[in-house]
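Student: Before I ask anything, let me first share the structure, which is written out below as C-alpha cells.
In the numbering used here, the protein residues as written are 4 to 130.
In C-alpha cells:
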C-alpha cells in the first residue's frame with residue numbers, strides 16, 4: 004500500500020468519524036452505542052465526545068500536513084512520530100472495541116480502527 008493511499012484512507016475515515024461524533028452530540032445517534040456502552044449521562048457523553056472530536060481534528064490536520072494540503076513546513080521525523088502515536092492509539096482503540104459491551108460497536112468499529120491503525124503504521128514507517 005502506498006503512503007498516498009494510506010493518507011487518503013485516513014482522511015476519509017477520520018472525516019466520517021467526525022461526522023459520526025457530531026451526530027452523537029446532536030442526539031441523532033444515541034450515545035449509548037459509543038464508548039463501549041459505558042456512558043452514564045449526557046454530560047459525560049459531551050465531555051467524551053468533545054475530547055474525541057478534538058483528537059480527530061488534530062489527526063485530520065496531521066494527515067493533511069503530511070499530504071501537503073496545509074502549507075506548513077513540518078519535519079518528516081516529527082510527522083512520523085505523530086503517526087506512531089496515532090498507530091498506538093488506534094491499536095488500543097481496536098482492543099477497546101473488541102471489549103465493548105455494545106455488539107454493534109464491536110462489529111463495526113473494531114475493523115475500522117484496525118484499518119486506521121494499519122494506515123497510521125504505513126505512514127509511520129520509512130519509505
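Ideal placement from N, C-alpha and C gives every residue a C-beta, glycine not left out.
What's the gap between the Cα of residue 48 and the Cα of residue 126?
Tutor: Along the chain shown, one-based indexing puts residue 48 at 45. Along the chain shown, one-based indexing puts residue 126 at 123. Whole-angstrom Cα-Cα distance: 31 Å.
Student: Spell out a yes or no on whether the region 112 to 127 and the region 7 to 21 are touching, meaning 3 or more CB-CB pairs, one atom from each, closer than 8 Å.
Tutor: With a cut-off of 8 Å, the region 7 to 21 and the region 112 to 127 count as touching, because enough Cβ pairs lie within range.
Student: Considering only residues of the same chain and omitting the five flanking positions on each side of residue 21, which have a CB-CB separation below 8 Å?
Tutor: The count along the chain shown starts at 1 and reaches residue 21 at position 18. Hits under 8 Å: 56, 59, 60, 63.
Student: On the premise that residue 39 lies in contact with residue 102, defined as a C-beta separation below 8 Å, what is that separation, rounded to the nearest angstrom?
Tutor: Here residue 102 corresponds to residue number 99 of the chain shown, with the count starting at 1. Here residue 39 corresponds to residue number 36 of the chain shown, with the count starting at 1. Indeed they touch by this definition, with Cβ atoms about 7 Å apart.
Student: Between the C-alpha atoms of residue 112 and residue 76, what's the straight-line distance to the nearest angstrom?
Tutor: As a working mapping, residue 112 is identified with position 109 in the chain shown. As a working mapping, residue 76 is identified with position 73 in the chain shown. Looking at the two C-alpha atoms, the distance is approximately 33 Å.
Student: According to DSSP, is residue 99 helix, strand or coil?
Tutor: By 1-based counting over the chain shown, the position of residue 99 is 96. Correct three-state label for residue 99: helix.
Student: Buried or exposed, going by whether 16 or more other CB atoms sit within 10 Å of the CB of residue 27?
Tutor: Numbered from 1 along the chain shown, position 24 holds the residue referred to as residue 27. Buried: at least 16 other Cβ atoms inside 10 Å.
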